[in-house]
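Worksheet: one structure, shown below.
Numbering (the numbering used here), first residue to last: 1473 to 1723.
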């Protein structure tokens, strides 16, 4: 795609750059992800009536959260919402809400995150909120049927996230055998594509589960790769910041 886009590249190459950015992000190459996202956005704004700028802003927010730039992520989510409203891409409000929930959770604000997850019917985000509230049983009630649905419909990315969330819930409830089995399934899904951030973004509970699996000599060689990535991750903080300027406008 990029080879045929010419030099300078045609604006339509924005989709190829966004795809490469998403791959780089998942492989924990944040610099490359940022570079491709910038290129995608620069090209996308030259085209009318495309939603690519919205997804670029949402990916920028994920990159900033990975770098612990909470304010930067908040501003990018606000720009994504503004773009959606100005260009009548209201069907993308659930994706924007999902990003805002991740931001609220990182900022420790579960009280605002849960109603948003319920309003937009986002089971994975609902489960994430319940886990943050230390309500593992409720998280399990939400994520378990969704994981079964994702498996039946072969939603690969969704299944990976559901596996991880259900594993976290099981671990919190002392269901170690079930948690390790779900982790093993997640590793099987993630390894071929080299997915790393899906694990890191889930935080300490997944790191603990990976460590436990390694101690039990789980066969997956991908464990070492993920544990090394966790070790290089900067320590997260829960410092409160003011998000008053970028509060959601969902109606």
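We put the CB at the ideal spot given by N, CA and C, even for glycine.
Note that the coordinates shown come from a computational prediction; the quantities given were computed from them, not determined experimentally.
Reference residue i; option with closest CA among the options
i            : options                   : result
residue 1681 : 1701, 1651, 1629 and 1590 : 1651
residue 1591 : 1602, 1612, 1621 and 1565 : 1565
residue 1505 : 1531, 1481, 1524 and 1483 : 1531
residue 1526 : 1559, 1495 and 1535       : 1559
residue 1724 : 1499, 1645, 1579 and 1601 : Because residue 1724 is not part of the residues shown, which for the chain are 1473 to 1723, the question remains open.
residue 1518 : 1551, 1569, 1489 and 1484 : 1484
residue 1669 : 1499, 1489 and 1490       : 1499
Buried versus exposed, by CB contacts within 10 Å (16 or more), residue i
i            : result
residue 1716 : Caution is warranted here: a pLDDT of 36 is assigned to residue 1716, below 50, making its placement in the model unreliable, and no coordinate value can be reported.
residue 1635 : buried
residue 1503 : exposed
residue 1536 : buried
residue 1583 : exposed
residue 1687 : exposed
residue 1482 : exposed
residue 1626 : exposed
Range of the contiguous alpha helix (DSSP H) that encloses residue i
i            : result
residue 1678 : 1676-1687
residue 1485 : Looking at the DSSP string, residue 1485 is not in any alpha helix (DSSP H), and its letter there is neither H nor E.
residue 1633 : 1628-1644
residue 1508 : 1502-1516
residue 1605 : No alpha helix (DSSP H) holds residue 1605; DSSP gives it neither H nor E.
residue 1519 : Looking at the DSSP string, residue 1519 is not in any alpha helix (DSSP H), and its letter there is neither H nor E.
residue 1557 : 1542-1558
residue 1566 : 1565-1578
residue 1670 : 1669-1672
residue 1664 : Careful: residue 1664 lies outside any alpha helix (DSSP H) and carries neither H nor E.
Sequence-distant residues of the same chain with beta carbon closer than 6 Å to residue i, five excluded per side
i            : result
residue 1533 : 1545, 1548, 1549 and 1571
residue 1679 : 1702
residue 1521 : none
residue 1599 : 1611, 1614, 1615 and 1637
residue 1486 : 1512, 1515, 1516 and 1524
Other residues of its chain near residue i: CB distance less than 8 Å, five sequence neighbours each side excluded
i            : result
residue 1664 : none
residue 1660 : 1692
residue 1593 : 1566
8 Å Cβ cutoff, residue i in contact with chain D
i            : result
residue 1651 : Among the chains of the structure shown, chain D does not appear; only one protein chain is present.
Nonlocal neighbours in the same chain, by C-beta distance under 7 Å from residue i, ignoring five residues either side
i            : result
residue 1705 : 1672
residue 1619 : 1631, 1634, 1635 and 1638
residue 1576 : 1584 and 1585
Closer than 7 Å: residue i CB and nearest the ligand GDP heavy atom
i            : result
residue 1680 : Ligands displayed in this structure: none; no statement on the ligand GDP is therefore possible.
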